Amino acid sequence: MCGIVGYVGSATPGQRPLEVLVEGLRRLEYRGYDSAGVAVVTPEGLVSAKKAGKLSNLLEELDARHLPAGTAGIGHTRWATHGGPTDANAHPHLADGGRLALIHNGIIENFHSLKRELAETGVTFHSETDTEVVAHLLARAYDDAENLTEAMRATVTRLEGAFTLLAIHADQPGEVVGARRNSPLVIGLGVGENFLGSDVSAFIAQTREAMEMGQDQIVTITASEVHVIDADGHAVEPKRYTVDWDAAVAVKGGFSTFMDKEIHDQPQAVADTLLGRAGEDGRLELDEMRISEAVLRSVDKIIVIACGTAAYAGHVAKYAIEHWCRIPVEVELAHEFRYRDPVLTEKTLVVAISQSGETMDTIMAVRHAREQGAKVLAIVNTHGSTIPRESDAVLYTHAGPEVAVASTKAFLAQITACYLLGLYLAQLRGNKFPDEIREDLAQLHAMPEKIQRVVDNEEQVRAVARSMKDERTVLFLGRHVGFPVALEGALKLKELAYIHAEGFAAGELKHGPIALIEEGQPVFVIVPSPRGRDALHAKVISNIQEVRARGARTLVIAEDGDDAVVPFADEIFRIPQTPTLLAPLVSVVPLQIFASALATAKGLDVDQPRNLAKSVTVE
Ligand code: F6R
């Protein structure tokens, strides 16, 4: 949570630092929007501005109060942890008589004892945050150290927990110093200027050249140089890379919300994730593989770990991988995984799925799995993030930057990557013949066009959503791969429209949930292909009849040509004919559009729903 940006440019003071910080904050706002703030080093000393609420509040403040020209600066957009979303708790936090400014992402777990220690030496605090404690610690270390870098190195040895920290000091107008532990920080390389950010979107409007920062490293950027050291003060050579998307991808492109744009991006996201996966010999390849083929052949269990929407992608993976590879697959919420003492051996393959690659619960689960001797394969959308760096193998989804807090295109790309993984394992272990794999890949390559057809039918879904803006509860039913789709449909509606929504396995209905059905209760039903397993389709048709007989209003997602649903559906949303296992790629799309349209009809902020942040970087 929280977005961080840092900048150093020309020694001649100007408006560029503030411009870069504001542009960075605009692009980082999805990481947290409880407050925002900036601090800039100017010839008159350090100046800062910060405001509770969305970035627009800070921008109004900056319009009213022109900050003087500067050389370097830091900016922050907050998702509150310690202390409510107030002006006082907004970052930057100042120390050393207002000459030092600090911003932070993460949680300092030992801040109470540090605060007590500082208070005893006479320090007065102006906020309830853990960050302000670090600002004062850093100021005290700066008194004793040769420079801000050494002061930062000394300070982080006192901290427990997760943090990315950026600091500037009025005495060092040409530098920004940063540090990270269990929280992300990347470096952006410009010409005569350099950048720091929580992720590359912080500086993507300025440069696509970037460097990764490792755990417990400290970075100092000046206009012309980047120095990274480890916790012992030894120089480190960071890994350099070029970001494979540009600033234009992360703008709304004519849509009224990022989420709507990202729903429309989905055919491309799936196509890009499939791109270039087969080598010259037609065999599938992953992006980074540090697990031997012998070890992969010996895998006797897969555990998928992920949170939220990414975990539902994992549920889809379970059906596909078990069917194709005959390996048992468990799916576990990452935050539960570590605490139940899971049975892991060197034959267990743990698959960590994450859009951001920075979800703390998933990172901790990855570490736990590796400590127990399991191999970890990451399915991640964000290059240079922590999860792929700490995993044994990586399969990147190529969904491009996802800005809306609610995940859409990353979900479809994750499901696609799971299918690729299933086919890769089937190829390696000989579960499928090469021609079968080619046939499955051809089916996958046909999916972007099918997804496009569902997106093109959005107006029907939107009209129904608008008519339902006063509903108080909506239920979702699915079987087989339709079950995780039902769960995802319910999650989207909860997080965007603040409506009670629940997804059920349709077979579970008679074991309790059917008691919820009363006259007019809206129930979405995801109907499997009638051309797949007969029993599956017939059972879902029975479930629709059961809820309808009790007064439910049925909203049915069914394949083109499936006439069996017609007598029992109040509304039918059609999806193209698709092999059963691949159907989630199309059946979830109407549910995404529905949630977005209903939230819009209620006048809610679709891209930034209340209480949420894009990356959950705290446990
Ligand atoms: C819901 C949503 C979240 C994320 C979850 C995991 O729309 O976006 O449930 O899926 O927080 O995030 P990542 O994939 O970044 O690990």
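Residues in the sequence shown are numbered from 559 upward in steps of one, following our numbering.
Note that beta-carbon positions come from the ideal geometry of N, C-alpha and C, so glycine has one too.
The structure presented is a predicted model; accordingly, all values stated were derived computationally and were not measured.
Residue(s) in a DSSP beta bridge with residue i
{"i": "M769", "result": "I745, R798"}
{"i": "P1080", "result": "R1111"}
{"i": "H694", "result": "Answer by DSSP bridge pairing: none, since H694 is not bridged."}
{"i": "M1237", "result": "As shown, the chain starts at 559 and ends at 1177. That puts residue 1237 outside it, with no answer to give."}
{"i": "L907", "result": "I860, K933"}
{"i": "H662", "result": "L723"}
{"i": "Q775", "result": "R738"}
{"i": "K524", "result": "The question about residue 524 has no answer, for the chain in this structure spans 559 to 1177."}
{"i": "R1132", "result": "A1116"}
{"i": "L1035", "result": "F1062, V1083"}
{"i": "T600", "result": "G603"}
{"i": "A836", "result": "L842"}
{"i": "F753", "result": "Y565, G746"}
Beta-carbon separation (whole angstroms), residue i vs residue j, contact threshold 8 Å
{"i": "L658", "j": "A697", "result": "5 Å"}
{"i": "R716", "j": "L660", "result": "Rounded, the Cβ-Cβ distance is 14 Å, inconsistent with contact."}
{"i": "I1102", "j": "V1083", "result": "5 Å"}
{"i": "L576", "j": "V563", "result": "That belief does not hold up - the Cβ atoms of L576 and V563 are roughly 11 Å apart, past 8 Å."}
{"i": "A648", "j": "K609", "result": "6 Å"}
{"i": "Y954", "j": "L1139", "result": "In fact, because the Cβ distance is near 22 Å, the residues do not count as touching under 8 Å."}
{"i": "A957", "j": "K967", "result": "5 Å"}
{"i": "R1024", "j": "A1155", "result": "6 Å"}
{"i": "A951", "j": "I945", "result": "No, A951 and I945 are not in contact; Cβ-Cβ is about 12 Å, not under 8 Å."}
Counted within 10 angstroms of its Cβ, other Cβ atoms place residue i as buried (16 or more) or exposed
{"i": "Y870", "result": "buried"}
{"i": "L613", "result": "buried"}
{"i": "A1000", "result": "exposed"}
{"i": "V749", "result": "exposed"}
{"i": "R738", "result": "buried"}
{"i": "Y897", "result": "exposed"}
{"i": "P1167", "result": "buried"}
{"i": "K905", "result": "exposed"}
{"i": "R585", "result": "buried"}
{"i": "E733", "result": "buried"}
{"i": "S593", "result": "buried"}
{"i": "D1121", "result": "exposed"}
{"i": "G1109", "result": "exposed"}
{"i": "P742", "result": "buried"}
{"i": "R589", "result": "buried"}
{"i": "V938", "result": "buried"}
{"i": "G631", "result": "buried"}
{"i": "E1076", "result": "exposed"}
{"i": "F1152", "result": "buried"}
{"i": "T1031", "result": "exposed"}
{"i": "G1161", "result": "exposed"}
{"i": "S943", "result": "buried"}
{"i": "T707", "result": "buried"}
Boundaries of the beta strand (DSSP E) in which residue i is found, first to last residue
{"i": "Y565", "result": "561 to 566"}
{"i": "A720", "result": "719 to 727"}
{"i": "A1063", "result": "1058 to 1063"}
{"i": "F636", "result": "Note on identity: in this sequence residue 636 is Arg, with Phe being the wrong assignment. Its beta strand (DSSP E) spans residues 630 to 636."}
{"i": "V786", "result": "784 to 787"}
Span separating the alpha-carbon of residue i from that of residue j
{"i": "E1129", "j": "E1117", "result": "13 Å"}
{"i": "H1069", "j": "R1037", "result": "15 Å"}
{"i": "L1033", "j": "L1049", "result": "11 Å"}
{"i": "T687", "j": "L1170", "result": "19 Å"}
{"i": "V758", "j": "N752", "result": "12 Å"}
{"i": "K797", "j": "V786", "result": "11 Å"}
{"i": "L833", "j": "H822", "result": "18 Å"}
{"i": "V681", "j": "R848", "result": "50 Å"}
{"i": "I863", "j": "A638", "result": "26 Å"}
{"i": "E619", "j": "V605", "result": "13 Å"}
{"i": "V735", "j": "M817", "result": "34 Å"}
{"i": "A789", "j": "D774", "result": "6 Å"}
{"i": "H1003", "j": "T570", "result": "53 Å"}
{"i": "N668", "j": "G719", "result": "8 Å"}
{"i": "V794", "j": "A760", "result": "23 Å"}
{"i": "I726", "j": "E916", "result": "25 Å"}
{"i": "A932", "j": "M918", "result": "19 Å"}
{"i": "D839", "j": "F1041", "result": "37 Å"}
{"i": "A627", "j": "D621", "result": "14 Å"}
{"i": "G1061", "j": "L979", "result": "27 Å"}
{"i": "A699", "j": "V1164", "result": "44 Å"}
{"i": "C865", "j": "V566", "result": "36 Å"}
{"i": "S1173", "j": "Q913", "result": "9 Å"}
Enclosing alpha helix (DSSP H) for residue i [first to last residue]
{"i": "S1154", "result": "1147 to 1159"}
{"i": "R1011", "result": "1005 to 1014"}
Residue i Cβ short of 7 Å to the ligand FMN heavy atom set
{"i": "A763", "result": "Here the bound small molecules are the ligand F6R; the ligand FMN is not part of this structure."}
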